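Working notes for the structure below.
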Amino acid sequence: RWRRTYERILHAAGAGIFSLDPRGCISFANTAAARLLGVPPEDLQGHPLESFLAGPETEGPLFLPANRQEYQHHRLHFSTGEGLERVVELSQALIWEDDQCLGAVVMFNDLTEQEKASRALAESRAHLEVVNGRLSRTHDQLVQAEKLDAVGQLAAGVAHADGPVT
Numbered sequence: 273r274w275r276r277t278y279e280r281i282l283h284a285a286g287a288g289i290f291s292l293d294p295r296g297c298i299s300f301a302n303t304a305a306a307r308l309l310g311v312p313p314e315d316l317q318g319h320p321l322e323s324f325l326a327g328p329e330t331e332g333p334l335f336l337p338a339n340r341q342e343y344q345h346h347r348l349h350f351s352t353g354e355g356l357e358r359v360v361e362l363s364q365a366l367i368w369e370d371d372q373c374l375g376a377v378v379m380f381n382d383l384t385e386q387e388k389a390s391r392a393l394a395e396s397r398a399h400l401e402v403v404n405g406r407l408s409r410t411h412d413q414l415v416q417a418e419k420l421d422a423v424g425q426l427a428a429g430v431a432h433a434d435g436p437v438t
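First residue of the sequence shown: 273, per the working numbering; consecutive thereafter.
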């Protein structure tokens with residue numbers, strides 16, 4: 273009964289959750305993890321976590337119980353079943369009993385949309401800086417043109433005033 277309750281809680285969580293066996297293979301995946309990867313939860317079981325990772329920052333295994341680093345935090349790219357790439361923030365905690373590593377729990381959040389929004393914001397800012405530079409140059413040219421116009425009007429007024437006296 274308790275096991276079923278815990279499974280319901282894990283499947284209801286919005287974050288992706290995996291449990292890994294001592295070899296680093298997925299032994300459990302919740303609904304959010306399966307949805308993010310585009311693979312049914314039962315098809316994830318038995319596969320190494322690294323088999324879903326993509327990108328240069330994923331070289332080398334994540335699951336390293338030998339180094340006894342109990343908690344790890346990574347920003348990684350997952351490759352989905354649909355061939356898409358998702359940016360995730362992943363936390364891994366090793367599970368120890370006595371002096372033996374039983375596996376790990378892995379939780380992650382999808383940051384893909386945030387990354388896209390951040391890139392779009394940076395591009396918009398760069399574009400606005402270019403437009404602002406053009407606007408500033410145009411303003412300077414307009415001020416210069418107004419000065420030249422004022423000097424021309426002044427010169428015309430002086431020439432008119434110095435005209436022949438009758």
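Each residue gets a CB set at the ideal place from its N, CA and C atoms; glycine is no exception. As the structure is a computational prediction, the values presented were derived from the model and not from experiment.
ask   = What is the DSSP secondary structure of Glu285, counted as helix, strand or coil?
value = A small correction: the amino acid at residue 285 is Ala; Glu does not occupy that position in the sequence shown. Three-state result, Ala285: coil.
Inset, instruction - Assign Arg358 to one of two classes, buried (16 or more other C-beta atoms within 10 Å of its C-beta) or exposed (fewer than that). - result: buried
**Item:** Among Gly353, His411, Gly296, the one whose alpha carbon lies nearest that of Ala305
**Value:** Gly353
Need the endpoints of the alpha helix (DSSP H) that Asp315 sits in, please.
313-316
**Prompt:** Between the region 310-320 and the region 379-397, do at least 3 Cβ pairs fall closer than 8 Å?
**Reply:** Counting Cβ pairs under 8 Å, fewer than three are found: no touch.
### Query
How about Leu362 and His349: are their beta carbons less than 8 Å apart?
no
- Return the first residue and the last residue of the beta strand (DSSP E) that Arg358 is part of. 357-369
Run of the beta strand (DSSP E) containing Leu383, from where it starts to where it stops: Per DSSP, Leu383 belongs to no beta strand (DSSP E) and is neither H nor E.
Once the 5 residues before and after Gln317 are set aside, which same chain residues still bring their CB inside 6 Å of it?
Ile298
- Determine the extent of the beta strand (DSSP E) in which Phe300 is found, giving its start and end residues. 298-301
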